[in-house]
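So the structure is just underneath, and the comments pick up after that.
As C-alpha cells, this is what we get:
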C-alpha cells in the first residue's frame, strides 16, 4: 500500500514539476522519510528525480537560457556538492527541520502571493544560486530560493522551466555520487519505493501535465504552495516529537 501511495504522489509531483520546475523532491522526500528516515529518503528520491528531470529536459531543451545555466547553474552545482558532503555528517532530525523550514518558506511566499515578486538580483542572485544548490545537496529541495533568484535574473516563461530543469540535472549529477559512495546500501534498501517513484514521475511528467495545465495558473500555484506549507508544517511538528 505504501508503494502505491508513493507512485500516486510521484505522478502528481512529476506533473507539478513539468509546469512549475520543481516539486518532486518537495513531495516525495517527506513521504519516503516517514518510512525510511530522512537520510535514506534524500538519496532514494534523487533517482526518480533525475529520471524525471532528464525526461523533462529532453522536451524543453531548446528553451534553456545557456547564459544563466553556465553561470548561475554552475553555482548551484558547486553549492550542491558542498550540501551533499554536509548531508553525510548531519543526522536525521536536523535534516527534517531544514527541509520543513524550506517547505514552509516556499509555501508561505506562494500562498501570500510573494513568489512572483521575490527577486534576488546581481550578486545576490549568485549567492542565492550557491545557497539553493547547497540545500538541494543537503535535503533534496531548493525550488523556492532558486526560483526567486532566476526571476531576478530575468528568466521567464518556457525558459524558466527549461533552465531550472537543466540546473536540476547538474545538481543531481554532483550530489548523487556522494550519496551512493557513502550510503548506497541504505538507499537501495528502499528499492520498492524507488521503483514506484520512477514509474509515478515518468507517468506524471508525460501525462499528468496535460491535466494540470487545465487548472488556472494562479489557482495551481496557490494549491501547490498550500501543499508545500502543509507538508513543511507537518515535518516541523514531527521533528519535535
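Numbering (the numbering used here), first residue to last: 3 to 243.
Beta carbons are placed, not taken as given, at the ideal position from N, Cα and C, and that holds for glycine.
{"Query": "Cβ-Cβ distance between residue 4 and residue 166 below 9 Å", "Result": "no"}
{"Query": "Residue 3 - DSSP class collapsed to helix/strand/coil", "Result": "coil"}
{"Query": "For residue 151 and residue 74, believed in contact at Cβ under 8 Å, the rounded distance", "Result": "7 Å"}
{"Query": "Which listed residue (241, 40, 12, 234) has its alpha carbon closest to that of residue 111", "Result": "234"}
{"Query": "The region 9-25 / the region 192-201 touching (three or more Cβ pairs under 8 Å)", "Result": "yes"}
{"Query": "Nearest candidate by alpha-carbon position, reference residue 1, set 139, 204, 217, 127", "Result": "With the chain represented from 3 up to 243, any question about residue 1 goes unanswered, as that position is not in the structure."}
{"Query": "Beta-carbon gap between residue 257 and residue 130 smaller than 9 Å", "Result": "The structure shown does not extend to residue 257, since the chain is modelled only from 3 through 243, so no value can be given for it."}
{"Query": "Inter-stretch contact (C-beta, 8 Å, three-pair minimum) for the region 77-84 and the region 136-145", "Result": "yes"}
{"Query": "With 16 other Cβ atoms within 10 Å as the buried cut-off, status of residue 192", "Result": "buried"}
{"Query": "Own chain, CB closer than 8 Å to residue 62, minus 5 neighbours either side, in chain order", "Result": "160, 163, 164, 167"}
{"Query": "Nearest-angstrom Cα separation, counted from residue 181 out to residue 43", "Result": "11 Å"}
{"Query": "Proximity test, Cβ basis, 9 Å: residue 155 and chain D", "Result": "The chain inventory of the structure shown lacks chain D, comprising one protein chain alone."}
{"Query": "Straight-line gap, residue 177 to residue 239 (C-alpha atoms, nearest Å)", "Result": "28 Å"}
{"Query": "Status (buried if at least 16 other CB within 10 Å, exposed otherwise) for residue 244", "Result": "The requested residue 244 does not occur in the structure, where the chain is confined to residues 3 to 243."}
{"Query": "Other residues of its chain near residue 228: CB distance less than 7 Å, five sequence neighbours each side excluded", "Result": "109, 113"}
{"Query": "Pairwise C-alpha distance: residue 187 and residue 51", "Result": "19 Å"}
{"Query": "Residue 40 versus residue 60 - alpha carbon distance", "Result": "30 Å"}
{"Query": "Residue closest to residue 28, alpha-carbon to alpha-carbon, out of 241, 219, 226", "Result": "226"}
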